[in-house]
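So the structure is just underneath, and the comments pick up after that.
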Amino acid sequence: MGMFSRMSDIIQSNINAMLDKAEDPEKVIRLIIQEMEETMVEMRSVAAKYIAEQKYLDRQAATLQKDIDNWMAKAELAMDKGKDDLARAALVQKNSYVEKLDVIESQKTQVSDMLTSVQEDTQRLHAKLAEARQKQKSLVARKDNASVRLKARGVTHSTQVENAMARMDSYEQRIEHLEAQVDAYDVVGSSSSATSLEDEFKALETNDVIEEELAALKKKRAA
603 MGMFSRMSDI IQSNINAMLD KAEDPEKVIR LIIQEMEETM VEMRSVAAKY
653 IAEQKYLDRQ AATLQKDIDN WMAKAELAMD KGKDDLARAA LVQKNSYVEK
703 LDVIESQKTQ VSDMLTSVQE DTQRLHAKLA EARQKQKSLV ARKDNASVRL
753 KARGVTHSTQ VENAMARMDS YEQRIEHLEA QVDAYDVVGS SSSATSLEDE
803 FKALETNDVI EEELAALKKK RAA
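Each number in our numbering comes from the position in the sequence shown (counting from 1) with 602 added on.
Written out as structure tokens, the structure is:
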């Protein structure tokens, strides 16, 4: 026995309410769709049976109508010929076919009503099936989206990721330290060069003064 005991349960079912009560909505919607598809096949089979029966009754009705017309024509012919007894017998035969035709017409009405009901139920079931399939797509999309988001959250809050980021920060600090050393070397190197050059000029100036003093001392001593 399937999820639904009657076809009307499927047609009148509130899919959202059923899913809200279900422990596994994805499984429930899959079973609902499966039950609907199987019921749809059964309903189409019943509809085909009614259509075939309707065509059969139409053929019987057409045959009976021919018999009725035929016996009516015979009764009229007998009347024209003054054969009242023969005309009466023809009318009796005609009426027997009329009774049979009435039964057939009654059967046709019943079959037509049942076929109409099946067609209406099939249309409603088809709409419910489309609703269920759309709901299934929505559930699958939401599940996939939730899975991807959960994976992303897991990666974001992963201890391994945090450790890796910490190591990257430490490595970045080491690089910054090395870069600072290079910058410091350039500053010290430039200052030393400037100082050495200034010392050389001072030395030259000092030598000139010494030479002048030495020349003045020699001149003084020679006098």
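The beta-carbon is built from N, C-alpha and C at its ideal position, and this holds for glycine as well.
Values in this document were obtained by computation on a predicted structure and should not be read as measured data.
Using a Cβ-Cβ cut-off of 6 Å (strictly less than) and excluding sequence neighbours within five positions of residue 676, which residues of its own chain qualify?
-> 692
Give the C-beta separation of residue 635 and residue 741 to the nearest angstrom, bearing in mind that I take them to be a contact with Cβ-Cβ under 8 Å.
-> Actually they are not in contact, since the Cβ atoms of residue 635 and residue 741 sit about 11 Å apart, beyond 8 Å.
Could you check what DSSP says for residue 683 in three-state terms: helix, strand or coil?
-> coil
Residue 645 and residue 731: beta carbons closer than 8 Å?
-> no
In its own chain, which residues sit with a C-beta less than 6 Å from the C-beta of residue 709, not counting the 5 before and 5 after it?
-> 659
By how many angstroms is the C-alpha of residue 703 removed from the C-alpha of residue 719?
-> 24 Å
Run the CB neighbour count on residue 822, radius 10 Å, all protein chains shown included, and call it buried at 16 or more, exposed below.
-> exposed
Among residues of its own chain, excluding the 5 on either side of residue 721, which ones have a beta-carbon nearer than 8 Å to its beta-carbon?
-> 649
Output the distance between the C-alpha atoms of residue 670 and residue 729, rounded to the nearest integer angstrom.
-> 46 Å
Using CA coordinates, which residue listed in 696, 641, 735 and 655 is at the minimum distance from residue 714?
-> 655
Close Cβ partners of residue 769 (< 7 Å) along its chain, the five nearest in sequence each way excluded = none
Which residues in the same chain as residue 696 place their Cβ atom closer than 6 Å to its Cβ, once the five residues preceding and following it in sequence are excluded?
-> 670, 673 and 674
How big is the Cα-Cα spacing for residue 809 and residue 820?
-> 16 Å
Neighbourhood of residue 688 by C-beta distance below 6 Å, restricted to the same chain and skipping five residues each side = 680
Take the Cβ of residue 816 as the centre, count every other Cβ of all protein chains shown within 10 Å, and call the residue buried at 16 or more, exposed below.
-> exposed
Selected residue, minimal CA-CA separation from residue 717, among 813, 781 and 651 | 651
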